[in-house]
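Numbering (UniProt numbering), first residue to last: 1 to 264. Here a beta-carbon is modelled for each residue, glycine too, at the ideal position from N, C-alpha and C. One structure is given below, encoded as C-alpha cells.
Set out below in C-alpha cells:
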C-alpha cells in the first residue's frame, strides 16, 4: 500500500492508494496520470471507493482517449471534473451512493447505461466498506437485463423514429446541408429503435452501426447506405430500412394513452 497526502473537505489527512493499481496494464504515462489524479482526489472529498474505467484501462485506447474515475464519497452531492494529469485527459465523477443509484436508474430509462458500463467494466482501486462492490453487482445486473422498455415506451420511440424519417423524405428534391443533417438524424433514430426493440442498450455513438451489423447486417447495410450514397439513393435506402424495422416510413395512427402525472 502507498500513502499519498491529502486533506479535502472533512479531510482524513492522507489517503491509502491500493497496490491494485500496480496490477493494471497501463503505459507509464497513463499510470503516472492515474497516480497523480488519485493523489488529488482528497482535495475535493475523502474517497471511500475509487474505480477507474475507460478504453485506456480496457486496453483499446484511441489517441484522444481519457481515463474515467468514479469516486464514491459520503457527502450528499455529485460533482464532475475534467482535468489534465501528466498530459492525459481525465474525467472524474464524484458521487454519493444515492446519486450513483439515481444515475443507474435514470440511464435505464434513456437506454444508455454509461455509469453502469463504467462500474461494470472498470477496475476497483479502493473500496473501504465494500459499498462499491455492491454497486458494481447492481450495474452488472442492469446490463444483463437490458433496458426492458414497456410496449408503450417502444411505441413512442417507434413514432419518434417515423417522424424523423418522414422529415428526411420531405427533402426528396433537395440535396442541401439541412437535408443531409435531417437524414443523419433519421438514421440515428432508427439505429436507436433497433437496439431498444431488441432489448439492447445503446452502444457508444461511435460504434453503433458496427455493433448493429453483427446482429442485423442487412438493416445496418441500408442505414449505412443512407449516410453514404448520393442523395436520391440514400433516401431510398432510408425508406427501405425504415419499412423493414418499424413497418412504415412516416405517419401512422397511434394513441399515447392518458397521462395523469402533472408536470413539475
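Proximity of residue i and residue j at Cβ, strictly below 8 Å
i: residue 132; j: residue 67; result: no
i: residue 31; j: residue 121; result: no
i: residue 83; j: residue 94; result: no
Residue i versus residue j - alpha carbon distance
i: residue 26; j: residue 231; result: 45 Å
i: residue 50; j: residue 219; result: 40 Å
i: residue 201; j: residue 160; result: 18 Å
i: residue 123; j: residue 106; result: 23 Å
i: residue 62; j: residue 228; result: 24 Å
i: residue 248; j: residue 241; result: 9 Å
i: residue 234; j: residue 145; result: 35 Å
i: residue 9; j: residue 126; result: Only weak support is given to the placement of residue 9: the predicted model assigns it a pLDDT of 36, under 50, and the question is left unresolved by the model.
i: residue 207; j: residue 192; result: 12 Å
i: residue 86; j: residue 24; result: 17 Å
i: residue 109; j: residue 179; result: 30 Å
i: residue 222; j: residue 239; result: 9 Å
i: residue 130; j: residue 53; result: 18 Å
i: residue 113; j: residue 142; result: 8 Å
Cβ neighbour criterion (16 or more within 10 Å) applied to residue i
i: residue 246; result: buried
i: residue 210; result: exposed
i: residue 103; result: buried
i: residue 88; result: buried
i: residue 263; result: exposed
i: residue 148; result: exposed
i: residue 217; result: exposed
i: residue 214; result: exposed
i: residue 111; result: buried
Handout entry: Contained alpha helix (DSSP H) runs [length at least 4] in the region 164–245, N- to C-terminal order
Key = If only complete runs of 4 or more residues are kept, the region 164–245 shows the alpha helix (DSSP H) at 177–197, 208–215 and 217–228, in order along the chain.
Problem - At least three beta-carbon pairs within less than 8 Å, the region 183–192 to the region 165–172 - result: Contact holds: three or more Cβ-Cβ distances are below 8 Å.
Handout entry: Contact between the region 105–120 and the region 35–50 (3+ Cβ pairs under 8 Å)
Key = Short answer: they don't touch.
Handout entry: Sequence ranges, alpha helix (DSSP H) only - wholly within the UniProt domain "Polymerase nucleotidyl transferase" (47–79), length at least 4
Key = Entirely contained in the UniProt domain "Polymerase nucleotidyl transferase" (47–79), the alpha helix (DSSP H) runs reaching 4 residues are, in chain order, 55–58.
Problem - Those runs of the alpha helix (DSSP H) which lie wholly inside the region 76–117 and span at least 4 residues - result: If we require 4 residues or more, the alpha helix (DSSP H) runs fully inside the region 76–117 come out as 97–110.
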